[in-house]
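Quick notes on the structure that follows.
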RNA sequence: GCGGAUAUGGUGGAAUUGGCAGACACGCUAGAUUUAGGAUCUAGUGCGAAAGCAUGCAGGUUCAAGUCCUGUUAUCCGCACCA
């Protein structure tokens, strides 16, 4: 047999698959279904990264195996194509983002096709297509209708030189990424989505889902539920200052209060605060810092004491000073805290720095040295009617007291914040809202969707921080859908997260122009049986899409309350030097080069063999050779394939073990050991010197999900009948997996001293006495006292001697 | 800082979940074959001369620890307008 021409063969089968549509999901809703999903890519200008094929190949393997097992499989692909890099590229090179997107998609698609994925290309979607974002806008209208979309003043990053809003990522060390100028926080009115209303359900419903544990944990921590109380203090100006605390039990230990520099009461107190200039200066300073910098625990605590206004502690009517400090965030809780330096680490440091009194109210630690934060063991002291109680009981009693005196109430708080949904950008879905002077914010009627992005020549940001759409006067000026008076369109666009929060629904029925997807299609395909994606999407995309899905469930659009039944996550592929691949590090590997030099099957095998799918792994081009050799050795089997029965009993049982191992390894994402097992099998076949047709057929099917091209070709050459993709997944016989005898280790005091051969099903006593008969062991135990003897089935004998 | 994870030969990684550490590959060494090899095949390959020693580091539990417990160090991912 001549050597394997991967280029011609791979092209041949890719064309055949394209023409036949063999991987299209069937419209037959009576068959068992399997919906297998990977995160759709952002079609960047750099083209496909070698990281993309890692998860696409893994799920392709699962999809292909499921087809062999008789499922109607949906394995779709699409483009998450709105976004900042495209817009920036367009601005820089004066090419319209739509053109940029079109070119990038064409390139991505070509690259994906060259890898032989079994995607259903008839269901390809693109978030920037008006027929798609029509439904993104429709969902927004529903959210608005239900009161879940609202406007709010929010701080944004503002570049003082470019005069535009920056993404956090565009802010580098407090400066603008592009021009290096100072970036400040500026308040702007933004569209917000009330994800916090779903916080509890987003936590509770995780219990019934098959997500990997670290994803669940990270989501729970991100939502950050904490229970405590809101307590109302009164200021000496007579205003109510509400604080949230998880430790209401320590209320008697509150010796001062800290408010976020942005707290609205501070402006109200302008006349009362004698050092208002100093306060303003501090506010400006903290406006320059990110939340992240502000809450860093190791940094020196800063703050300003308000001169002229104090707070009154509701339990003992004591006056305490009020500080502003940047470690208190306006976005969490009420934007103000009661400080209990005796029992909170940050408050303790702050009190030390500003020389504030520290009162012990829970006994058990040494508050001279550090804050005592333990809630389990402490006993209340210096706390009036709480004295002598445990922390738990004190929490309950103080909360009752506060409620009775209308000074507070129990409260559940979440770290999760509402979703800032506005972007002052061009390349996003227009928000379908009109602002009418008389009627306020008025939604566009559903029939008028999609509200298309106007085609313009310039998408540069405006001077005043408005979206580039604000400059297109004939687009902005419209009439109010409600009263008909002249009105203005919303000029902000949606974030990229919008399109990706429901795309998986569209795949079920991608060409429907009357619904986002038909009821019937959604009933059949929901929920997604297996969704794989990066850990970096755990807290944003994954949570946002669960939120939207729950909302759509509540209004009766989708049949399940959760979108994804199972979620797994792949590790990153790093550069050869073990660092993240990036242009600036110069360690980027282009998948096209690999496919050209080694072929798609080798590339797929290599990425699946590189290591544990869930862990990061460094790329190593020289290791690919091993997979290339394996492909060649597979091809070589054509020369030693013979008709008739199996030629080796040993090979036969190895065959059965391989079926078992490969099947279970695919299901548990252990592609690396599945491949290793097949490599061992092939080594064995060459050792035996021949393989019969039945065995070769089995091996071809096992390998097909990994290396689909060569196995199709060999199936055809061997004339095994039909095409390989219409075969059934092989089964194994448990009895035939076992060998008759096995080698076990014999240990003395836990150290291996010898090995013996025993029957697989040997009894414990027999194994031990056989072990003692072994020459080396007999010598070891001679004259010694045997304390313990044990046999671990199929593994070892351990004899403990003294 | 907060939250999540990871650490095993020269390299990527295996290890039935507490039971023979290093499967399967890469690389390397030697040999065969070839006009030639960055091709193929064969043999060897954790360290150590050996007794032995080895799973980031320091302790602990156990007949037995890469795996469990305590502490510690380093690296990676996310932190809400990158996707």
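Residue numbers (my numbering): 7 to 808.
In this text, a Cβ means the ideal position worked out from N, Cα and C, and glycines have one as well.
| Check | Outcome |
| --- | --- |
| Sequence-distant residues of the same chain with beta carbon closer than 7 Å to residue 126, five excluded per side | 29, 30, 31, 80, 81 and 82 |
| Coil, strand or helix - residue 304 by DSSP | Bear in mind that a pLDDT of 48 at residue 304, under 50, signals an unreliable position, so the number given afterwards is only what the model happens to contain. Coil at residue 304, not helix or strand. |
| Burial state of residue 621 (16 or more Cβ within 10 Å) | exposed |
| Contact check, residue 2 vs residue 427, beta carbons under 8 Å | For residue 2 there is no data in the structure shown, the boundaries of the chain being 7 and 808. |
| Nearest-angstrom Cβ-Cβ length linking residue 163 and residue 129, presumed shorter than 8 Å | Not confirmed; about 38 Å, so no contact. |
| Touch test, the segment 659–676 against the segment 718–734, Cβ-Cβ under 8 Å, three pairs minimum | no |
| 8 Å contact criterion, which residue 669 and residue 133 should meet: CB distance rounded | The pair is not a contact, with the Cβ atoms about 36 Å apart (cut-off 8 Å). |
| Whether residue 716 touches residue 630 by CB criterion (8 Å) | no |
| For residue 753, the first and last residue of its enclosing beta strand (DSSP E) | 747–754 |
| Euclidean distance between Cα positions of residue 545 and residue 57 | 20 Å |
| Beta-carbon separation (whole angstroms), residue 175 vs residue 735, contact threshold 8 Å | That belief does not hold up - the Cβ atoms of residue 175 and residue 735 are roughly 45 Å apart, past 8 Å. |
| Cutoff 7 Å; reference residue 532; Cβ partners in own chain excluding five residues on either side | 564, 565 and 566 |
| Within 8 Å, strictly: CB atoms of residue 48 and residue 89 | yes |
| Candidates 184, 22 and 169: closest to residue 123 by CA position | 22 |
| Reduced DSSP secondary structure (H/G/I, E/B, other) of residue 741 | helix |
| Span separating the alpha-carbon of residue 678 from that of residue 617 | 6 Å |
| Distance, residue 495 Cα to residue 445 Cα | 13 Å |
| Beta-carbon contacts of residue 694 that lie in its chain and below 7 Å, excluding the five residues immediately before and after | 653, 654 and 657 |
| Beta-carbon spacing of residue 578, residue 586 below 8 Å | yes |
| Residues near residue 92 in its chain [Cβ-Cβ closer than 7 Å; skip 5 each side] | 103, 106, 107 and 433 |
| Three CB pairs or more closer than 8 Å across the segment 260–276 and the segment 328–348 | yes |
| Alpha carbon of residue 576 to alpha carbon of residue 8, nearest angstrom | 38 Å |
| Per-residue DSSP class, three states only, for residue 88 | coil |
| Alpha-carbon to alpha-carbon, residue 595 and residue 673 | 29 Å |
| Beta-carbon contacts of residue 303 that lie in its chain and below 6 Å, excluding the five residues immediately before and after | Interpretation of residue 303 is limited by its pLDDT of 47, a score under 50 that renders its predicted location unreliable; the figure taken from the coordinates is listed afterwards. Correct list: empty, nothing qualifies. |
| Cβ neighbour criterion (16 or more within 10 Å) applied to residue 796 | exposed |
| Complete runs of the alpha helix (DSSP H) confined to the segment 531–613 [at least 4 residues] | 547–560 and 597–604 |
| Contact check, residue 534 vs residue 208, beta carbons under 8 Å | no |
| Chain-order list of residues whose beta-carbon lies under 6 Å from that of residue 38 (same chain, five-residue window excluded) | 77 |
| Cα-Cα separation, residue 800 to residue 501 | 58 Å |
| Beta-carbon proximity list for residue 746, same chain, < 8 Å, skipping 5 on both sides | 765 and 766 |
| Limits of the unbroken beta strand (DSSP E) element including residue 163 | 155–165 |
| Selection from 493, 240 and 698 that minimises the alpha carbon distance to residue 481 | 493 |
| Residue 425 in three-state terms, based on DSSP | strand |
| Secondary structure of residue 232, DSSP reduced to three states | strand |
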